[in-house]
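For any residue, its number in this note's numbering is found by taking its place in the sequence shown, counting from 1, and adding 12.
Below: one structure, written as structure tokens.
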Amino acid sequence: MKLKKPKFWDHKKPSFFSYLLLPFSIILGLITKIKSKPKFSNSKIKTICVGNIYIGGTGKTSLAIKIKEILDKNNIRACFIKKFYPNQTDEQKLLSKNGVLFSNLKRITALNEAISEGFEVAIFDDGLQDGTIKYDLEIVCFNNLNWIGNGLTLPSGPLRENINNLKSYENVFLNGNEESLIAIKEQIKRINPNININSGKYIPLNIDEFDKDQNYLVFSGIGNHKTFVEMLKNNKLKIVSDLEYPDHYQYSKKDFDEIIINAKKFNAHIITTEKDYLRLENLNKNEIFYVKSSLDISDEKNLTNKLIKLNEKN
């Protein structure tokens, strides 16, 4: 059974439990530094890593897909690379629906496969903290609702590395409405005045398929459930109940039956994310509808120019 992330991770200030776990955060940080290896660099393919510092729910996969769309429009042959995790087949399926995916227990092996297939650009979904690969472009993703939580590193908090490490990065992508990102942008610029900040928000692509006079029960097992619910409410859907499961949750028939029963209590239709829908492969999905979403980037031209220039570099 996969557990949800601790609630104290997202408190604005560290709690008693955070301080209790602080020694483990220090030890984990030291182990990570000791295990770091020389980075693999190559000139045969351009590498883009879409990663995060806050663990989970920052929109990495959606941005990776958006980058692939931009490269496709500019006739640049790109593929996806994702480290293989048995419990993340939903993301692997979603990436495969949008392009060629190379997935392996070792990212470097997947990269070599992409090189052998003649791709010009490899887009890594996650892997920012993988010390074995030197990326040509790194993008750190954040979500407006969670930002950096309590600001501490694992397991005291939700961060994979210290937020001050933004000093060593060149690009950040913020997910959320522009008004909610003002304070976050200011904090980032205080850490690194020269960092490039792009932003965007999720938009539903098939919202017209849903009757806005109808009641809806929403469920998901993703890292940014609140963002998904917020998007639906902003598009005037009447959400009467929402059920949140752990990220990459594998639904059982019992879970499925409980969702159906809850929906009937509210006389509601059931909607979920595309990722979750892909995880329901062994269940009867006739009563489930999914919302297909995409990232609407505020300054897509800026990102497009950056990607084209990257591909032109020798």
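Think of the CB as a built atom: it goes at the ideal place given N, C-alpha and C, for glycine as much as any other residue.
These numbers come from a predicted model, not from an experiment.
Residue of the options minimising C-alpha distance to residue i
| i | options | result |
| --- | --- | --- |
| Leu106 | Lys304, Lys321, Leu322 and Trp159 | Lys304 |
| His260 | Lys80, Tyr147 and Gln104 | Gln104 |
| Asn196 | Leu149, His281 and Leu157 | Looking at the sequence shown, residue 196 is not Asn but Ile. The shortest Cα separation from Ile196 among Leu149, His281 and Leu157 belongs to Leu157. |
| Thr73 | Val230, Gln100 and Leu229 | Gln100 |
| Pro26 | Leu166, Lys80 and Ile209 | Leu166 |
| Ile219 | Asn210, Ile209, Ile194 and Asn247 | Asn247 |
| Asn176 | Asn314, Lys24, Leu75 and Arg202 | Arg202 |
| Asn296 | Asp311, Asp269, Lys318 and Gln199 | Asp269 |
| Thr44 | Gln141, Lys250, Ile273 and Asn208 | Gln141 |
| Asn298 | Arg119, Leu33 and Thr284 | Thr284 |
| Lys224 | Ser192, Tyr181 and Lys245 | Lys245 |
| Ile271 | Glu286, Ile300, Leu290 and Glu293 | Ile300 |
| Lys16 | Asn274, Glu324, Gly235 and Ile273 | Gly235 |
| Glu324 | Leu83, Pro18 and Lys19 | Leu83 |
| Val62 | Thr144, Phe28, Pro18 and Ile151 | Ile151 |
| Asn174 | Leu193, Glu191 and Ile200 | Ile200 |
| Ser192 | Asn206, Trp159, Asn204 and Leu217 | Trp159 |
| Glu190 | Leu32, Gly41, Asp311 and Leu290 | Asp311 |
| Leu32 | Phe20, Gly41 and Leu42 | Phe20 |
| Ser55 | Leu292, Ile251, Glu198 and Tyr147 | Tyr147 |
| Ser108 | Leu290, Lys276, Tyr302 and Asn317 | Leu290 |
Residue i - partner residues in DSSP beta bridges
| i | result |
| --- | --- |
| Pro216 | Ser305 |
| Asn124 | Per DSSP, none; premise fails for Asn124. |
| Lys183 | Rather than Lys, the amino acid found at residue 183 in this sequence is Asn. In the DSSP output, where bridge partners are listed per residue, Asn183 has Asn208. |
| Asn116 | Lys95 |
| Thr165 | Leu171 |
| Ala90 | Val133 |
Cβ pair residue i, residue j closer than 7 Å
| i | j | result |
| --- | --- | --- |
| Phe96 | Asn116 | yes |
| Ile60 | Leu149 | yes |
| Gly161 | Asp22 | yes |
| Phe240 | Ser232 | yes |
| Ala280 | Tyr228 | yes |
| Asp137 | Lys179 | no |
| Leu315 | Asn155 | no |
| His237 | Glu221 | no |
| Gly212 | Ile127 | no |
| Ile120 | Phe36 | no |
| Lys58 | Leu319 | no |
| Leu113 | Leu307 | no |
| Gly111 | Lys80 | yes |
| Cys153 | Asn208 | no |
| Lys287 | Asp102 | yes |
Worksheet item: What are the uninterrupted segments assigned as beta strand (DSSP E) that are 3 or more residues long and contained completely in the region 44–72, given in chain order?
Response: 58–64
Worksheet item: Is there contact here, the region 52–69 with the region 162–175, by at least three beta-carbon pairs under 8 Å?
Response: yes
Worksheet item: Hey, is the region 175–190 in contact with the region 260–267, meaning 3+ C-beta pairs nearer than 8 Å?
Response: no
Worksheet item: Is the region 83–94 in contact with the region 122–142, if contact means three or more CB pairs nearer than 8 Å?
Response: Taking 8 Å as the limit for Cβ pairs, the verdict is that the region 122–142 does touch the region 83–94.
Worksheet entry | Within the region 228–302, ranges of the alpha helix (DSSP H) (whole runs, at least 4 residues) | 237–246, 265–277 and 286–290
Item to complete: Within the region 128–163, note down every full alpha helix (DSSP H) run reaching 4 residues or more, in order along the chain.
Response: none
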